[in-house]
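The structure appears right after this line, and notes come after that.
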Amino acid sequence: MFLRNIKLFIVSLFILFTFQNCNSESREPGSSENELYTEAKNSYSVYSNGSSDDISNSRQNAITKAVEECSPAIVGINVTEVYQVEYRDPYNMFFDDPFFQHFFGNQRRSRTRQYSVQGLGSGFLISSDGYILTNHHVAGNASKIIITTTDGKKFDAEIIGADKTSDVALLKIKGDNFPYLKLANSEDVIIGEWTIAFGNPFGLFDINTKPTITVGVVSNKNINFTQDDRVYRGMIQTDAAISSGNSGGPLVNSLGEVIGINTVIFSTSQSSRGAGSIGIGFAIPINRVKKVVDIIKNNKKINRNFNVGMDVREVDESLAPYISSSVKEGVVVYSIIRKSSAEEAGIEPGDIILEIDNQPINKVEDYNVIVKDCTVGEKLNFTLLRDDKKITKTLTLKSIGR
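Counting in this note's numbering, the sequence shown runs from 1 upward without gaps.
If you want it as structure tokens, here you go:
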């Protein structure tokens, strides 16, 4: 009897131990045996070594704070551009002949047709009374501009001023107490520092009136190039993803200050609509933008109607025999127009251009970036090599027609 009781006691302990083991398996709230995943614990739950505030604070950093501060000032831009195309009657060639005009009179016929193109882009408010910065190629030629703010409101915008060469446009919407962004000193940009790109890629802003955010670093700076008659000088390069529709949006540092306007991307796609980021984007430095805005804010135009009056080419084997200097590379003055700014400055054919305003000139692109960015009346200091001697000439840009 005693032995039987011992066996029952052991069996009871075994059953109790097994039951407790089964119940001790922890499951996440809401999970079931049929689920193929385990849900994460609430990030804000209280742990033995911390509080919900500690967890929340650990997720906050300079980037998230900058995004929170800047987002309300970002706008989506929808534009309509109207173009006129004149169609000439193919039979006009006959009516240009005096013989046909004698019998039929002047029968020249042409038709003008208008068509509109829809476009989109990004922008950002820079003042509480509704001034907005964006790119010229986004809104500079628009006949109608609709601005969408992050509270879902839509506004008609007017173009206060725009400059194609620098690719900057200043818009205005009616109202007050708008959130706005502060502009940094882009001369202080550091290669490797964090960058945040805000924008409206592919029109996503219209879905929930919130900007799209991408994060990267300053990959390079002071990049110069020209594109579509525009001069991009001192550009800031970033690997923050910039896609079609991001043009005109701000590039911001981790302090929430604007260091540039997102403008150009290098893409594997030739279609602007299908262009996607491959980690090479460029922003116009905000200091350059400030200079343009200071001129166009009062409906003034930047006067670039000048002609330097000389043709320049890169030195190659065909030109080398005609150059008096021993330097056989770089940029050479090929020809000079009489009574032009170049002739009045004393520049001559065969001169090698070493520098313009202390900026080295190694190829024609370097020359174009500096000269095309100028305005009427500006003075340029040329450092030239003539007969193996360095000389300096000052060229004043005259308005065409003077």
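Glycine included, every Cβ here is placed at the ideal spot set by N, Cα and C.
None of the values given here were measured: they were computed from a predicted structure.
K144 places its beta carbon less than 9 Å from that of T80.
Checking the DSSP bridge columns, you'll see N141 has no partner listed. The beta carbon of F205 sits closer than 7 Å to those of G76, T148 and P211, all from its chain and outside the five residues before and after it, given in chain order. The Cβ atoms of I353 and L384 lie closer than 9 Å to each other. In the three-state reduction of the DSSP assignment, T396 falls in the strand class.
For D357, the closest alpha carbon among the candidates P349, L395, R338 and A342 is that of L395.
Where N368 is concerned, the enclosing alpha helix (DSSP H) starts and stops at V364 to V371. Between the C-alpha atoms of Q118 and D316 there is a straight-line separation of about 45 Å. DSSP, reduced to helix, strand and coil, places A66 within a helical segment of the structure shown.
Look at E158 here: in three-state DSSP terms it is strand.
Between the alpha carbons of M310 and K291 lies a gap of roughly 27 Å. Straight-line measurement puts the Cα of A345 at about 43 Å from the Cα of N246. According to the DSSP secondary-structure assignment, Q227 is paired through a beta bridge with R230. Bounds of the alpha helix (DSSP H) holding A342 are S341 to A345. Under a 10 Å Cβ-count criterion, S127 is classified as exposed, with fewer than 16 other Cβ atoms of the shown protein chains found around its own Cβ. Considering only Y83, V138, E365 and N141, the residue with the shortest C-alpha distance to S116 is Y83. At the C-beta level, F155 and I74 stay beyond 9 Å of one another.
T392 and I159 have their C-alpha atoms spaced approximately 41 Å apart.
S341 counts as buried, since no fewer than 16 other beta carbons sit within 10 angstroms of its beta carbon. Separation of K174 and Y180 (C-alpha to C-alpha, rounded to the nearest whole angstrom) is 14 Å. Residue pairing by DSSP places T212 opposite G199 in a beta bridge. For V75, the secondary structure class from DSSP, reduced to helix, strand or coil, is strand.
With contacts defined by Cβ atoms closer than 9 Å, I236 and V218 form a contacting pair. For F202 and G281, the gap between their C-alpha atoms comes out near 16 Å. In terms of Cα proximity to Y131, the closest of F178, G249 and V331 is F178.
By DSSP's assignment, I353 forms a beta bridge with V331 and L384.
The C-beta distance from Y334 to P349 rounds to 6 Å, short enough to fall under 8 Å. V369 is positioned such that its CB atom lies no closer than 9 Å to that of T238. Looking at the DSSP output, P250 shares a beta bridge with I261. In terms of Cβ geometry, S71 and T134 do not form a close pair [threshold 9 Å]. Cβ contact annotation for A62 (same chain, cutoff 6 Å, sequence separation greater than five): S254, in chain order.
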